[in-house]
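Structure first, then comments.
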Amino acid sequence: MRANTTDGLKAIVADPAGAVIGLDFDGTLSPIVADPAAARIAPGGAEVLTRLGGLIGSLVIVTGRPAAVAVEYGSLAAVPGLVVLGHYGLERWEAGALAAPPVHPGLDEARAGLLALVAGLDGVRIEDKERAVAVHTRQASDPWATLEALAEPVAALAASAGLTVEPGKLVLELRPPGIDKGVALDAFLRERAARSVLFAGDDLGDLPAFAAVRGSGLPGVTVFSGSPEIEVEADLVVDGPTGVLELLSSIADAIEKETAG
């Protein structure tokens, strides 16, 4: 554990009202599964977040999924004070209300183009997120070779439709430009006048949020919960969603102990 990690965790425990804890969903709270529609929060996850949400200033999930889907798949509607920033920050769910901009006009072109690109490719599937669209190769016979073969035509399609490509583990997602998890997290930290921050993620799309933690000037902790397939510089590396929930539980334990003392 790095020295700044210890400082960041101490700051969260000493001043929980000023803390922002940010989390990705897939691979961080929910195990990665072959079918994204089958993803659900790890056992005990909703209970851990409910406990933590009652102890800290701000708890936020920043995900590429639609915000309402993350709330549903995580059974998170009752977590106190939770904010979910979906589609990398385009959507905001808070206290049961969802705010979102109009759908990008290039998405119809992107959907049609992706369907044409993957026609006849066994195991390749399209995930329509309404405000983004993704192509997954996890179930292809050679997932990484298929992803590499699709990278250039998908990039060309995104450029034509006025979208950007967000790469991840065996997925290429086309989404509106100008927003990422770093932009979303940075704005949230300023909105909440944060005094410390932790962000946990598992994929390439989480790297801008890690950068936002480092660039915030706050006592901060970055937590990587992914696989060795992706090399990420983080303050802590934990074993998937189980490790994330164990860390969050230990933070809650420490806050309660500090408060009782």
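Heads up: the sequence shown runs through residues 1 to 261, numbered per the numbering used here. We put the CB at the ideal spot given by N, CA and C, even for glycine. The model shown is predicted, which means the values in this text are computed figures rather than measured ones.
Taking CB distances under 7 Å as the criterion, tell me whether residue i reaches chain B.
i, result
"L204", "No chain B appears in the structure shown, which is made up of a single protein chain."
Are the CB atoms of residue j and residue i within a distance shorter than 7 Å?
i, j, result
"S196", "A11", "yes"
"D186", "A212", "yes"
"G201", "G168", "no"
"G123", "A134", "no"
"G182", "P208", "yes"
Pull up the DSSP beta-bridge partners for residue i, would you.
i, result
"D26", "S30"
"P167", "L172"
"E91", "G86"
"D267", "The chain is shown from 1 up to 261; residue 267 falls before or after that span and cannot be answered."
"L236", "V223"
"I61", "L23 and V84"
"L98", "W93"
With a threshold of 16 other CB atoms inside 10 Å of the CB of residue i, please say whether the residue is buried or exposed.
i, result
"R175", "buried"
"D239", "exposed"
"D235", "buried"
"S160", "exposed"
Once DSSP output is grouped into helix, strand and coil, what is the label at residue i?
i, result
"T50", "helix"
"G45", "helix"
"V79", "coil"
"A200", "strand"
"L189", "helix"
"S250", "helix"
"A38", "helix"
*Spell out a yes or no on whether the segment 15-24 and the segment 50-69 are touching, meaning 3 or more CB-CB pairs, one atom from each, closer than 8 Å.*
yes
*Taking contact to mean at least 3 C-beta pairs separated by less than 8 Å, is the segment 217-237 in contact with the segment 42-51?*
no
_Check whether the segment 232-246 and the segment 29-36 are in contact - that is, three or more C-beta pairs closer than 8 Å._
Yes, the segment 232-246 is in contact with the segment 29-36.
*Does the segment 72-82 touch the segment 49-57, meaning 3 or more C-beta pairs lie closer than 8 Å?*
yes
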